[in-house]
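Here's the structure, in structure tokens; my notes come after.
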Amino acid sequence: MRRVSLRCVARLVLAALWLLVEEGRAETGAPILAERVIWAVNSGGEAHTDVHGIHYKKDPLEGKLGKASDYGVRLPILRSSPEDQILYQTERYNEDTFGYEIPIREEGDYILVMKYAEVYFAQSQQKVFDVRLNGHIVVKDLDIFDRVGHSTAHDEIVPFSIKRGKLSVHGEVSTFNGKLTVEFVKGYYDNPKICALYVMKGTLEDVPKLQPHPGLEKREEEEEEEDDGEGGESEKKSTSTSPKNPVRSGPRTPNPYATDNSSLMFPILVAFGVFIPTLFCLCRL
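Heads up: the sequence shown is residues -26 to -1, 1 to 259, going by mature numbering (1 follows the signal peptide of the UniProt record, and there is no 0).
Structural data, given as structure tokens:
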């Protein structure tokens, strides 16, 4: 009898909690984050559900396009929770432009979130590429290492909207046919890649933030201070000889003209050219 009463109490407590959650959702009128996500993929990896409840499906390009890599699993990824590091440790890359097609059936405001981490290169200007959304360049010259360094999570977030059959992104508008095409564009530096991505309904404020990174926060604060003092400090900045955040990407390229002796050879050639005709004339005399 006591066991039955305990079960009844437990059921009543669970029911009460469920009603409270439903009531809270009804009052706010906002679904939970996972319900806003309409499409998510763990590129180059297996299915995964993150700490926010977002379910990333297995990469549909497996065996079809590009190459999957789990090289990053040997590294801890900064700015990411331990449970979700796998999203940044696996990736898909290709030797040419590649991408995903995402069906979108409803109009509204959306957010594209792309997850990256540089786990191979240890300097900038090694992997640089663009991201294109239905023909619109939404990320230009993405250099992950230059943005955040090595083995560090980095999210590229692109808001866009679909209304009356039109796609609007970054101030550009184009006809929308029901499919969102996200492409990673091959550049001059290595191959384009993606670790994970998802599309959700909502605004920038709805996107979960990565964990803080002291070095990046300091850099952003310095940039903000620089922007605030732009008016009075412009002349000082223009005369500055060193950048605020120098990027050391290896030894400086040697000057190809440092050993050029053409400046010394020119007068010798001129003298030789004058000497030959003079000698010829003297011989004829």
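For every residue, glycine included, the Cβ atom is placed at its ideal position computed from N, Cα and C.
Note that the structure is predicted; figures quoted are calculated from it, not measured.
Asked, Found
"Do SER54 and ALA91 come within 9 Å of each other at the CB atom, strictly closer than that value?", "yes"
"At 3 residues or longer, what runs of the beta strand (DSSP E) sit wholly inside the stretch 53 to 139?", "65 to 67, 72 to 77, 82 to 90, 102 to 107, 110 to 116, 128 to 137"
"Do ILE85 and GLY27 have their beta-carbon atoms positioned less than 9 Å apart in this structure?", "no"
"Check whether the stretch 98 to 117 and the stretch 126 to 136 are in contact - that is, three or more C-beta pairs closer than 8 Å.", "yes"
"Are the C-beta of GLN100 and some C-beta of chain B separated by less than 9 Å?", "Given the protein chain composition of this structure (a single chain), no chain B is represented."
"To the nearest angstrom, report how far apart SER142 and VAL102 are at their CA atoms.", "25 Å"
"Between which two residues does the alpha helix (DSSP H) holding GLU157 run?", "Per DSSP, GLU157 belongs to no alpha helix (DSSP H); it is in the beta strand (DSSP E), 153 to 163."
"Is there contact here, the stretch 110 to 124 with the stretch 59 to 76, by at least three beta-carbon pairs under 8 Å?", "no"
"Please state whether DSSP places VAL25 in a helix, a strand or coil.", "coil"
"Can you round the beta-carbon distance between THR149 and GLY139 to whole angstroms, since I take them to be within the 8 Å contact cut?", "6 Å"
"So for GLU20, helix, strand or coil by DSSP?", "coil"
"According to DSSP, is LEU7 helix, strand or coil?", "helix"
"Rounding to the nearest angstrom, what Cα-Cα distance links ASN151 and PRO182 in this structure?", "29 Å"
"At what residues does the beta strand (DSSP E) containing LEU171 begin and finish?", "170 to 175"
"Does LEU184 come out as helix, strand or coil in the three-state DSSP assignment?", "coil"
"Output the distance between the C-alpha atoms of ARG48 and GLY37, rounded to the nearest integer angstrom.", "23 Å"
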